[in-house]
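For the sequence shown, the positions run 167 to 479 when this note's numbering is used.
Here's the structure, in structure tokens; my notes come after.
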Amino acid sequence: MHNLLNRGFNGDFRAIGRLITLVESNSPLAKDIMKQVYPRTGKAQVIGITGSPGAGKSTFVDRLISQIKADGKKVGVIAIDPSSPFTGGAILGDRLRMQGHSLDGGVFIRSMGSRGHLGGVSKSTHEAALILDSCGFDVILIETVGVGQSEIEIVKIADTVALVLVPGMGDDVQVMKAGIMEIADVFVINKADKEGADKVASDVQLMLKMLGEKEWMPPVCLVSSYKNTGVDEVKKILDDHWRYLHTTEEGRKRRYSQLEMEVEDTLREEISQVVERAWNKRKAKGVLEELAQRMTDPYTLANEIISKIIKQQ
167 MHNLLNRGFN
177 GDFRAIGRLI
187 TLVESNSPLA
197 KDIMKQVYPR
207 TGKAQVIGIT
217 GSPGAGKSTF
227 VDRLISQIKA
237 DGKKVGVIAI
247 DPSSPFTGGA
257 ILGDRLRMQG
267 HSLDGGVFIR
277 SMGSRGHLGG
287 VSKSTHEAAL
297 ILDSCGFDVI
307 LIETVGVGQS
317 EIEIVKIADT
327 VALVLVPGMG
337 DDVQVMKAGI
347 MEIADVFVIN
357 KADKEGADKV
367 ASDVQLMLKM
377 LGEKEWMPPV
387 CLVSSYKNTG
397 VDEVKKILDD
407 HWRYLHTTEE
417 GRKRRYSQLE
427 MEVEDTLREE
437 ISQVVERAWN
447 KRKAKGVLEE
457 LAQRMTDPYT
467 LANEIISKII
477 KQQ
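Take a look at the structure:
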């Protein structure tokens with residue numbers, strides 16, 4: 167494992183891919199890997215790209231990669247695909263076009279499944295981002311599934327969240343329904359060469375005013391990924407927001423909030439595994455029949471299992 171980690175830390179893409187696979191598959195080595203990775207993290211700029219399926223997120227990310235590479239920075243990309251083929255996701259052509267960037271060695275691209283996780287990201291997404299951070303990538307882009315309201319979970323991972331909208335898809339209404347206005351740090355109105363883009367931008371600006379003033383007012387940018395216009399402006403805003411986070415009290419609070427959520431999520435997972443093992447042992451002793459016969463109840467049973475777990479610690 168140490169050899170694999172050292173190779174990854176030295177920029178070996180195959181080793182980095184292997185490390186992510188071990189963590190994603192919940193290998194017995196996963197925890198030890200993350201313990202070695204974590205002290206080397208905290209330097210990369212993590213950007214979440216979210217929006218409805220069909221909004222052109224993959225093409226936008228492809229253009230953004232070019233802008234970041236122009237600064238001489240290493241880029242890591244995590245592209246989340248839905249676990250089910252019925253829920254939408256990236257078009258293969260977009261993903262293949264994005265992969266073309268990796269040929270020069272400055273870009274690492276990894277597709278990951280959402281694992282049925284409703285937030286568009288899974289715990290392994292965050293761990294993959296940490297691995298890329300520890301391996302020297304300056305910027306990490308996370309393109310999420312785009313599933314609506316539960317998409318807010320990207321804020322647990324990303325320093326900056328870019329919400330991609332397009333005209334003609336009712337995105338302005340969707341944003342209001344989803345309640346994700348608060349988590350977007352920049353609004354990207356993609357396909358700006360199409361009719362209705364200006365209206366979407368105006369509607370978003372109006373909704374932002376309704377939410378009231380705050381320290382960082384999310385800019386609204388008109389972009390055409392197809393014509394490659396406006397992406398440079400978005401890149402500048404992303405950099406401005408990164409500086410804002412590192413020079414203000416609000417930025418410090420956000421980082422602390424992310425760390426708090428990180429520990430809480432890890433605690434929940436650890437507790438869940440302990441409870442699941444205890445429950446499986448209890449099931450093997452015929453407790454389901456006891457429940458069926460109403461010899462006990464779920465509430466008493468749950469308390470018994472928890473009490474036993476506590477006594478064993």
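Quick reminder that beta carbons are idealized off the backbone N, C-alpha and C, glycines included.
Buried or exposed (CB count within 10 angstroms, at least 16 for buried), residue i
i, result
"His407", "buried"
"Thr146", "No answer is possible for residue 146: it lies beyond the span of the chain, which begins at 167 and ends at 479."
"Ser218", "buried"
"Gly208", "exposed"
"Pro333", "buried"
"Pro384", "buried"
"Met200", "buried"
"Ala367", "buried"
"Ile437", "exposed"
"Ala141", "No answer is possible for residue 141: it lies beyond the span of the chain, which begins at 167 and ends at 479."
"Leu404", "buried"
"Val352", "buried"
"Lys197", "exposed"
"Lys489", "The chain is shown only over 167 to 479; residue 489 falls outside these bounds and no answer can be derived."
"Leu258", "Note that Leu258 has pLDDT 46, beneath the 50 cutoff, so the model's placement of it is unreliable and the number below is only indicative. Exposed."
"Val429", "exposed"
"Asp325", "buried"
Range of the contiguous alpha helix (DSSP H) that encloses residue i
i, result
"Ala294", "289-300"
"Ile186", "179-190"
"Phe175", "168-175"
"Gln439", "415-449"
"Phe226", "223-235"
"Leu388", "Where Leu388 is concerned, there is no enclosing alpha helix (DSSP H), although the beta strand (DSSP E) it sits in stretches over 386-388."
"Ala367", "363-377"
"Asp198", "196-203"
"Val453", "453-458"
8 Å contact criterion, which residue i and residue j should meet: CB distance rounded
i, j, result
"Ile323", "His292", "5 Å"
"Ala295", "Ile231", "Actually they are not in contact, since the Cβ atoms of Ala295 and Ile231 sit about 16 Å apart, beyond 8 Å."
"Cys483", "Glu399", "The chain is shown from 167 up to 479; residue 483 falls before or after that span and cannot be answered."
"Leu331", "Ala221", "6 Å"
"Arg448", "Ile471", "6 Å"
"Val327", "Ile349", "5 Å"
"Ile234", "Lys401", "7 Å"
Other residues of its chain near residue i: CB distance less than 8 Å, five sequence neighbours each side excluded
i, result
"Phe175", "Arg206, Ser300, Cys301, Gly302"
"Asp463", "Leu457"
"Ile475", "Val440, Val441, Ala444"
Segment limits, beta strand (DSSP E) that includes residue i
i, result
"Thr326", "326-331"
"Thr216", "211-217"
"Ala468", "No beta strand (DSSP E) contains Ala468, which is instead part of the alpha helix (DSSP H) from 464-478."
"Asp405", "First-last for Asp405: 397-411, but that is the alpha helix (DSSP H), not the beta strand (DSSP E)."
"Val352", "352-355"
"Glu309", "305-309"
"Ala245", "241-247"
Beta-carbon proximity of residue i to residue j, cut-off 8 Å
i, j, result
"Leu329", "Thr216", "yes"
"Gln211", "Asp304", "yes"
"Glu190", "Ser290", "yes"
"Leu480", "Gly214", "Summary: the structure shown does not reach residue 480, with the chain confined to residues 167 through 479, and so no result is reported for it."
"Lys223", "Gly272", "no"
"Val227", "Leu307", "yes"
"Leu372", "Met347", "no"
"Glu139", "Thr413", "The requested residue 139 does not occur in the structure, where the chain is confined to residues 167 to 479."
Residues of its chain near residue i, where Cβ-Cβ distance is below 7 Å and the 5 sequence neighbours each way are ignored
i, result
"Arg229", "Ser391, Asn394, Val397"
"Gly417", "Tyr410, Leu411"
"Gly177", "Cys301, Gly302"
"Thr432", "none"
Cβ-based neighbour list, residue i, same chain, cut-off 6 Å, excluding 5 preceding and 5 following
i, result
"Arg173", "Ala181"
"Leu195", "Met167, Leu188"
"Ile355", "Leu331, Ala363, Val366, Ala367, Leu388"
"Met427", "Lys322"
Proximity test, residue i beta-carbon vs the ligand ATP heavy atom, cut-off 7 Å
i, result
"Val389", "The ligand ATP is not part of the structure shown, which contains no ligands of any sort."
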